[in-house]
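K.L.:
Start counting the sequence shown at 1; every next residue gets the next number (the numbering used here).
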Amino acid sequence: MENTTNFVPLYTSLDDVYEDNNNSMSDRHIPRYQSMAKKFKDIYGEAPQFFSRAPGRVSILGGHADYCGYNVLPAALEQDFLMAFTVVEEGQEGQDEISVHNTNEKFQAEKFSNRADQKLFDGNHWANYFLCGYKSIMLHNEEIKKLLKDKPKGLKILIDSSVPIAAGVSSSSAFTVCIAILTA
1 MENTTNFVPL
11 YTSLDDVYED
21 NNNSMSDRHI
31 PRYQSMAKKF
41 KDIYGEAPQF
51 FSRAPGRVSI
61 LGGHADYCGY
71 NVLPAALEQD
81 FLMAFTVVEE
91 GQEGQDEISV
101 HNTNEKFQAE
111 KFSNRADQKL
121 FDGNHWANYF
131 LCGYKSIMLH
141 NEEIKKLLKD
151 KPKGLKILID
161 SSVPIAAGVS
171 SSSAFTVCIA
181 ILTA
């Protein structure tokens, strides 16, 4: 670990994030990050400043019991949720919005306000998971609110997930945690 903010650890090497099991660094992880950086540059015209990561998880004991207050025994998976992102500073184009693209073309790109008090989308829109993680930090973390002085930054984001959707390994949790980490 290279550095720690008040909120999340910051790493400068993938070796600090992943175990190199069966050449997984050279075969999967490094190419994935390189591919995301290239796609991000193709979309936004610049390289991402940062990456945010949250693993999927499986509950060995207590599946669906954690939100009822019971004990659980979760385990993190190698499959994870990644976000490549750049912060848009005041005075730059897009300073008041969040632009989100996904490597999975099933999920349509979206732009929405960076205001934390915005309403969720109607129905089962994928962006609601994003907004839940974003709003949880922006509206409920007093330290963040003081730092921002009610002026959130714009964001350019590219999402990639290797966590299977609707497979019981917490893809939605990985999504909301990843954006919460990014926001912090």
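For each residue, glycine too, the CB sits at the ideal point set by N, CA and C.
These numbers were taken from a predicted model, which means no experiment stands behind them.
1) Helix, strand or coil, according to DSSP, for E142 in the structure here?
2) Please list, in chain order, all residues of the same chain as Q95 whose beta carbon is under 6 Å from its beta carbon, the five residues on each side excluded.
3) Could you check where the alpha helix (DSSP H) with A174 kicks off and where it finishes?
4) With a threshold of 6 Å on Cβ separation, who are the neighbours of I98 within its own chain once the five nearest residues in sequence on each side are excluded?
5) Can you round the beta-carbon distance between A166 and F81 to whole angstroms, since I take them to be within the 8 Å contact cut?
6) Go through the segment 70-128 residue by residue and report every complete run of the beta strand (DSSP E) that reaches 3 residues or more, in order.
7) Are the CB atoms of C178 and S52 within a distance shorter than 7 Å?
8) Taking the alpha carbon of K135 as the reference point, which residue from N124, Y129, F121, A116 has its own alpha carbon closest?
9) Would you call F85 buried or exposed, if buried means 16 or more other Cβ atoms sit within 10 Å of its Cβ?
10) In the DSSP assignment, the alpha helix (DSSP H) including D42 goes from what residue to what residue?
11) What residues are listed by DSSP as bridge partners for L158?
12) May I ask you to report which of helix, strand or coil DSSP gives I137?
13) Excluding sequence positions up to five away, which residues of its chain have a Cβ less than 8 Å from the Cβ of A180?
14) Let me check understanding here. Comparing Cα to Cα, which of D160, S171, T176 lies closest to K39?
P.N.:
The structure says:
1) Counting from one through the sequence shown, the residue named residue 142 turns up at place 142. DSSP places E142 in helix when its eight states are reduced to three.
2) One-based indexing of the sequence shown puts residue 95 at position 95. The residues are V88, G154.
3) The residue labelled residue 174 in the question sits at position 174 within the sequence shown. Its alpha helix (DSSP H) spans residues 171-183.
4) Within the sequence shown, numbered from 1, the residue matching residue 98 stands at position 98. So the qualifying residues of the chain are F112, N114, L155.
5) Here residue 166 refers to the residue found at position 166 of the sequence shown. Here residue 81 refers to the residue found at position 81 of the sequence shown. About 14 Å separates the two Cβ atoms, so there is no contact after all.
6) 73-88, 97-102, 110-113
7) What you label residue 52 is simply residue 52 of the sequence shown in a count that begins at 1. What you label residue 178 is simply residue 178 of the sequence shown in a count that begins at 1. Yes, they are a contact pair.
8) Within the sequence shown, the letter at position 135 stands for residue 135. Of the listed residues, the one whose Cα sits closest to K135 is A116.
9) Along the sequence shown, one-based indexing puts residue 85 at 85. Counting Cβ neighbours within 10 Å, F85 comes out buried, since at least 16 surround it.
10) Within the sequence shown, the letter at position 42 stands for residue 42. Per DSSP, D42 belongs to the alpha helix (DSSP H) from 30-44.
11) Counted from its first residue, the sequence shown places residue 158 at position 158. Its beta-bridge partners are A84, H101.
12) On the sequence shown, position 137 is the one that residue 137 refers to. I137: helix per DSSP, three-state reduction.
13) As a working note, residue 180 is residue 180 in the sequence shown. G133, Y134, S136, I137.
14) By 1-based counting over the sequence shown, the position of residue 39 is 39. Nearest C-alpha to K39: D160.
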